[in-house]
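J.: So the protein sequences, as listed, match chains U and H.
The first sequence lines up with residues 1 to 184 when you count with this note's numbering.
The second sequence lines up with residues 1 to 537 when you count with this note's numbering.
First, the structure itself, so that you have it in front of you.
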Amino acid sequence: MSVVQANTTMMKKLLIVSVAMFGFGFALIPLYEKICEVAGVNNLLNADTLTGNVQVDTSRWLTVELDANTRGLPWQFKPMQASVRIHPGELVEVMYEVRNNSDREVAGQAIPSYSPQLLAQHLKKLECFCFTRQVLKPNEVRQMPVQFMIEPSLPDDVRVMTISYTFFELSNDLVDTGGKAKPI
Amino acid sequence: MAAVHDDHAHGHGHGHEHGHDDHAHGPPKGMMRWLTTTNHKDIGTMYLWFSFSMFIVGGLMAFGIRAELFQPGMQLMTPEFFNSLTTNHGLIMVFGAIMPAFVGFANWQVPMMIGAPDMAFARMNNWSFWLLPPAALLLVAAFFVPGGAGAGGWTFYPPLSVQMGMGMDMMIFAVHILGASSIMGSINIITTILNMRAPGMTLMKMPLFVWTWLITAYLLVLVMPVLAGTVTMLLTDRHFGTNFFNAAGGGDPIMFQHIFWFFGHPEVYIMILPAFGIVSEILPTFSRKPLFGYSSMVYATASIAILSCVVWAHHMFTVGMPVTAQLFFMYATMLIAVPTGVKVFNWTATMWQGSMSFETPMLFAIGFIFLFTIGGFSGVVCAVVPVDIQVQETYYVIAHFHYVLVSGSLFALFGGVYYWLPKWTGHMYDESLGKLHFWMSMVFFNVTFFVQHFLGLAGMPRRVPDYALQFADFNMISSIGAFGFGLSQLIFLAAVVKCIRGGKKAEAKPWEGATTLEWDLPSPAPYHSWVTPPVVK
Ligand code: HEM
Ligand SMILES: [Cu+2]
C-alpha cells in the first residue's frame with residue numbers, strides 16, 4: 001500500500017472516531033439520566049414511599065419556608081401560607097395556588113429546589129403537583145397540595161429550610177430531550 | 001549552498017538534492033504565499049504568529065481585569081463588561097493562544113524530527129490554519145454586538161449561556177470552528193507520525209516531543225467532538241426549543257457541567273502534554289545527557305492521557321454529587337499525580353550530574369519544572385474534596401491553573417521558541433534579551449499569581465469585579481505583577497523580531513548536546529526538508 005493510500009485510510013478511521021465521539025456526547029444524556037435513576041439522585045417526578053414506621057421527634061421544631069416562582073408563563077403562583085412549623089417525622093400537607101391570567105390554555109411544569117441542599121436527602125414527598133404537568137384553562141384557578149415529611153435523620157443544626165418551586169411553560173413545540181416531563 | 005554542504009557533512013547524505021529542490025520550488029512571493037501555502041514550515045509560522053497575536057489580545061483583556069481589580073470598588077467598567085473580559089480572556093488564551101501555538105510547533109518540528117518531507121495532508125493543513133482567523137474575529141466582534149460578548153465564563157455554564165444575547169451565539173460558533181480546526185490538525189499529526197516516519201525511526205526511537213504530540217492528538221480527536229456536541233446542544237436549547245439543559249423542559253444544567261468537563265479535563269492535559277515534550281527535548285540538550293527514563297516517560301504520558309478521561313468531576317465537587325462519586329473522582333485525580341511525579345523525577349534525574357549550561361531555553365525549562373510542580377501540588381490540594389468545597393470558585397483555583405498553564409504550558413512554549421529559533425531563522429537570538437525576558441517573566445509571574453493562593457484561601461471569589469476591603473493589598477500586588485508580566489512579553493517580541501532580522505549566523509547544530517534529526521538539517525531549515533528520508537540507525 002502506498003503512503004498516500006495508507007494516509008487516506010488513516011484519515012477515514014480518525015474521521016469515524018470523531019463522528020462517533022460527537023454522537024457519544026449526545027449519548028451521554030440518556031446515560032446520565034440512567035445513572036441518576038439507578039443512583040436515586042434527581043428523580044424529580046416520582047413520589048417517595050414511606051417504609052416502616054417513622055417516629056415523630058416532638059422535641060425538635062423545624063421551620064419550612066415555602067417559595068413560588070414562575071418563569072416565562074402568564075401565571076400567578078403562590079403558597080397559601082408563607083411557612084409552616086413542623087416536627088421531623090411528621091406528615092404535613094401544604095397548599096399552593098396557581099392562577100392562569102391569560103385567555104389561552106397553558107401547560108406548565110414545576111421544578112423544585114431545596115435549601116439547604118442536603119434537605120433533598122431527607123425530604124420525602126408523597127404527593128406533589130410537581131410530579132405531573134399542570135394544564136390550566138384560560139383564567140382557571142387551582143389549589144394544589146404537597147404532602148411531605150422531613151426525616152428525623154436531618155442534622156440537628158438545620159432548623160430553617162426552604163422548599164421552592166418554579167413553574168416553566170411547556171409548549172407544543174418543546175422537544176423533550178431532558179427528563180421525563182412530557183410535552184403536550 | 002554552503003549551508004547545504006555543511007548539512008551533508010553532518011551525515012544524512014542527501015544534501016545536494018535538497019539544495020536543488022530549494023531552488024526549484026521556493027515559496028511564491030507576497031500574500032498569496034501565505035494564503036495558499038501547503039508547506040508545513042509556512043503553516044507552522046502562521047500558527048505561531050496567530051497564537052502570539054491572540055496572546056496579546058487575551059493579554060489586553062487580562063490587563064483590563066487586573067486594572068479593575070487594582071483597588072476595591074468599581075472604577076473602570078461595568079460588571080457585565082468585566083465578566084465579558086474574564087470569559088473571553090480564558091477562551092482566547094486556551095483556544096487562541098496556547099493550543100494553536102502547540103500546533104505551530106507540531107507543524108514545524110514533527111516532520112523535521114521524524115524525517116518526513118511534510119505533513120501527511122498538506123492541503124488540509126492549510127485549511128486547519130485558515131479556519132482560525134474567522135473564529136478569532138467572531139470572538140472579538142462579539143464585544144460590539146448588542147448585549148456584548150459572552151459573559152458567563154469560558155466554561156459556558158447554563159443557565160447563563162442559554163439566556164445571554166447574540167454574543168453567546170458568536171462564542172458558540174467560534175468554538176465550533178476552532179474545534180473543527182483542532183480535529184483536522186490532529187488527524188494530520190497522527191497520520192504524519194504513524195505513517196511518515198523515516199526508515200529506522202521506530203516508535204520507541206521517536207523524540208519525546210513527537211510522542212507527546214501523538215498522544216495529545218488522540219486526546220483531541222476523542223474529546224473535541226464532545227465539546228462540539230455540547231455547545232451544539234446549547235445552541236439548540238437557545239434557538240430550537242430543545243431542553244437539554246433547560247430545567248423548564250426537564251433538562252438539567254448540572255448535566256452540562258458533566259459533559260463539558262468530560263471534554264474540559266482532558267483539554268487541560270492537551271495543553272500540557274506537548275509542553276512536557278518540549279521540556280523533555282530541552283533538558284537533555286543542555287544537560288548534555290540523554291533523557292533519563294525515556295520509556296517510562298512514554299508510559300507516563302500515555303497513563304496521564306488515559307486517567308485524564310476519568311477525573312472530570314473534580315471540577316464540580318460542590319454540585320451535590322453522591323459521596324461515592326466524590327470519593328471516586330478524588331482518588332482518580334490524586335492518581336494522576338503519580339505519572340506526573342514520574343515525569344518530574346525523570347527531568348530532575350536528567351539534570352543530575354549533567355554538564356549543565358543555562359541558555360535561555362534551559363532557564364525556561366528549569367523554571368517550568370519548579371513552577372509547574374507548585375501548580376501540580378495545588379492541584380492535589382484542590383482534589384481533596386473537603387478542601388475543594390472551601391476553595392472552589394475562589395482565587396485559589398485561579399492560582400492553581402495559572403501555575404500549570406502560564407508557568408507550565410507558556411514557559412515551555414517560550415523555551416521551545418528560543419530553542420528552535422536558530423533552526424527556524426538561521427540566526428542566533430540575543431542571549432541577553434532572552435535571559436532578561438526569562439527573569440522578568442519569572443519574577444512578575446510569581447508576584448502576580450503567588451498571592452492569589454492567599455486570596456483564595458481567605459475566600460475571595462473568582463469572576464467578581466469588586467471585592468471586600470481585606471483583599472485590597474494582595475490584589476494590588478497581583479495587579480502590579482500582572483502589568484509587569486504583560487510588559488515583559490514585549491521583550492520576547494523584540495528578541496524574536498531581532499532574531500528574524502539578523503544576528504549571529506546559526507550553525508546547523510547550535511546546541512552541542514542536541515541529538516534529534518532536525519539538527520542534521522542546515523540552519524535555517526530549507527523550505528523542503530527530508531525530501532529523501534534520512535536513515536535512522
Ligand atoms: C497533578 C495534576 C493536577 C491536579 C491534581 C489538578 C487538579 C485540579 C482540580 C481538583 C481542579 C478543580 C478545582 C476547583 O474548581 O475547585 C483543577 C482546576 C483546573 N486545573 Fe488542574 N490539576 C492538575 C493539573 C493541571 C494542569 C496540568 C492543567 C493545565 C495545564 C490544569 C488546569 C486546570 C484548570 C484550567 C482548572 C480550572 C478550570 C476552571 O474552573 O476554569 N490542571 N485542577
Ligand atoms: Cu481537571
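Cβ coordinates follow ideal geometry from the N, Cα and C atoms, glycine included.
Below 8 Å on the Cβ atoms is my guess for U:Ala39 versus H:Pro322; work out the distance and round it to an integer in Å.
T.: Going by Cβ atoms, the distance from U:Ala39 to H:Pro322 rounds to 6 Å, so yes, they are a contact pair.
J.: Residues of chain H with CB under 8 Å from U:Ala6, in chain order?
T.: Here the neighbours are Asn195.
J.: Quick test of your reading: H:Val175 and H:Leu227, contact by CB under 8 Å. State the CB separation rounded to the nearest angstrom.
T.: Confirmed, Cβ separation roughly 7 Å.
J.: Which bits of chain U does H:Pro225 rub up against, with CB to CB less than 9 Å?
T.: In chain order: Val17, Ser18, Val19, Ala20, Met21, Phe22, Gly23, Phe24, Gly25.
J.: Name the chain C residues whose beta carbon is nearer than 8 Å to that of H:Thr155?
T.: Protein chains in the displayed structure are U and H, and chain C is not among them.
J.: Should H:Ala383 be labelled buried (16 or more other beta-carbon atoms within 10 Å of its own) or exposed?
T.: Buried, because 16 or more other Cβ atoms sit within 10 Å of the Cβ of H:Ala383.
J.: Pull up the distance between the alpha-carbon of U:Leu118 and that of U:Val158, whole angstroms please.
T.: Going by the C-alpha atoms only, they are around 10 Å apart.
J.: Residues bridged to U:Gln147 by DSSP?
T.: Partner(s): U:Glu93, U:Glu127.
J.: Please enumerate, following chain order, all residues with a beta carbon closer than 6 Å to at least one heavy atom belonging to ligand 1.
T.: My final list is H:Thr155, H:Val268, H:Met271, H:Ile272, H:His314, H:His315, H:Thr333, H:Ile336, H:Ala337, H:Thr340, H:Gly376, H:Gly379, H:Val380, H:Cys382, H:Ala383, H:Asp388, H:Val391, H:Gln392, H:Val397, H:His400, H:Phe401, H:Val404, H:Leu405, H:Gly408, H:Ser409.
J.: Leaving aside the five residues before and after H:Gly104 along the sequence, list all residues of the same chain whose C-beta is less than 7 Å from its C-beta, in chain order.
T.: Result list for H:Gly104: Gly44, Tyr47, Leu48, Ser51, in chain order.
J.: Which residues of chain U have a Cβ atom closer than 9 Å to the Cβ of H:Gly320, listed in chain order?
T.: Under the 9 Å cutoff, chain U gives Val41, Gln117, Leu118, Ala120.
J.: Taking all protein chains shown into account, decide if H:His427 is buried (16 or more other Cβ within 10 angstroms of its Cβ) or exposed.
T.: That one is buried.
J.: Please check the pair U:Ala47 and U:Glu127, which I expect to be a contact at CB under 8 Å, by giving their CB distance rounded to whole angstroms.
T.: Yes, U:Ala47 and U:Glu127 are in contact; Cβ-Cβ is about 6 Å, under 8 Å.
J.: Verify whether the separation of the beta carbon atoms of H:Phe358 and H:Ile369 is less than 9 Å.
T.: For H:Phe358 and H:Ile369, no; Cβs fall outside 9 Å.
J.: Looking at C-beta atoms only, is the number of pairs between the segment 299–319 of chain H and the segment 224–242 of chain H that lie closer than 8 Å three or more?
T.: With the cut-off at 8 Å, the segment 299–319 of chain H and the segment 224–242 of chain H do not touch.
J.: Considering only C-alpha positions, which residue in the set H:Glu281, H:Arg463, H:Phe256 is nearest to H:Pro557?
T.: Given that chain H is displayed from residue 1 to residue 537, the structure contains no residue 557 of chain H and the question cannot be resolved.
J.: For chain U, find out if any of its Cβ atoms is closer than 9 Å to the Cβ of H:His12; answer yes or no.
T.: Because H:His12 sits at a pLDDT of 42, beneath the cut-off of 50, its placement in the model cannot be relied upon, and the following sentence gives the value as read from the coordinates. Answer no: the Cβ-Cβ gap between H:His12 and chain U never drops below 9 Å.
J.: With 9 Å set as the bound, which would you pick, yes or no: does the beta-carbon of U:Phe168 sit closer than that to a beta-carbon of chain H?
T.: For U:Phe168, the answer is yes, since a Cβ of chain H falls inside 9 Å of its Cβ.
J.: Report back the beta-carbon spacing between U:Ala82 and U:Tyr165 to the nearest angstrom; my notes put them in contact at under 8 Å.
T.: The pair is not a contact, with the Cβ atoms about 14 Å apart (cut-off 8 Å).
J.: Please state the DSSP three-state secondary structure of U:Arg142.
T.: DSSP places U:Arg142 in strand when its eight states are reduced to three.
J.: List, in order along the chain, the chain H residues whose C-beta lies closer than 7 Å to that of U:Tyr32?
T.: Per Cβ cutoff of 7 Å: Met255, His258.
J.: Using three-state DSSP, classify H:Gly505 as helix, strand or coil.
T.: Checking the sequence shown, residue 505 of chain H turns out to be Lys, not Gly. Here H:Lys505 sits in strand by DSSP.
J.: Span of the beta strand (DSSP E) holding U:Phe77?
T.: Looking at the DSSP string, the run of the beta strand (DSSP E) that includes U:Phe77 is 75–79.
J.: Going by beta-carbon coordinates alone, are U:Arg169 and U:Gly108 separated by less than 9 Å?
T.: Checking the displayed sequence, the identity of residue 169 of chain U turns out to be Glu instead of Arg. In contact: U:Glu169 and U:Gly108 (Cβ atoms closer than 9 Å).
J.: Contact defined as beta carbons within less than 8 Å: I believe H:Ile183 pairs with U:Ser18. What is the distance between those atoms, to the nearest angstrom?
T.: Right, the Cβ-Cβ distance comes to about 5 Å (below 8 Å), so this counts as a contact.
J.: Mind checking whether H:Gly96 and H:Gly486 have CB atoms under 9 Å apart?
T.: In this structure, H:Gly486 does not lie closer than 9 Å to H:Gly96 by Cβ.
J.: Ligand 2 heavy atoms versus the CB of H:Val311: any closer than 8 Å?
T.: H:Val311: yes, Cβ under 8 Å from ligand 2.
J.: Excluding five sequence neighbours on each side, which residues of the same chain lie with their C-beta closer than 7 Å to the C-beta of H:Thr285?
T.: Cβ within range, chain order: Trp511, Gly513, Ala514.
J.: Does DSSP classify U:Phe167 as helix, strand or coil?
T.: Correct three-state label for U:Phe167: strand.
J.: Taking 9 Å as the CB-CB limit, is H:Val221 close to chain U?
T.: Judged by the 9 Å Cβ criterion, H:Val221 is in contact with chain U.
J.: Is the number of C-beta pairs between the segment 30–44 of chain H and the segment 68–77 of chain H that are closer than 8 Å three or more?
T.: The segment 30–44 of chain H, when compared against the segment 68–77 of chain H, does not touch it at the 8 Å Cβ threshold.
J.: For H:His453, is the beta carbon positioned less than 8 Å from some heavy atom of ligand 2?
T.: For ligand 2, not one heavy atom lies less than 8 Å from the Cβ of H:His453.
J.: Within 10 angstroms of its Cβ, does U:Asn139 collect 16 or more other Cβ (buried), or is it exposed?
T.: So U:Asn139 counts as exposed.
J.: Mapping the DSSP letters down to three states, classify U:Glu33 as helix, strand or coil.
T.: Helix at U:Glu33.
J.: For a contact meaning CB atoms closer than 8 Å, what does H:Thr191 contact in chain U?
T.: Per Cβ cutoff of 8 Å: Asn7, Met10, Met11, Leu14.
J.: What are the residues in the segment 140–161 of chain U lying within 9 Å of chain H by C-beta distance?
T.: Hits within the stretch: zero.
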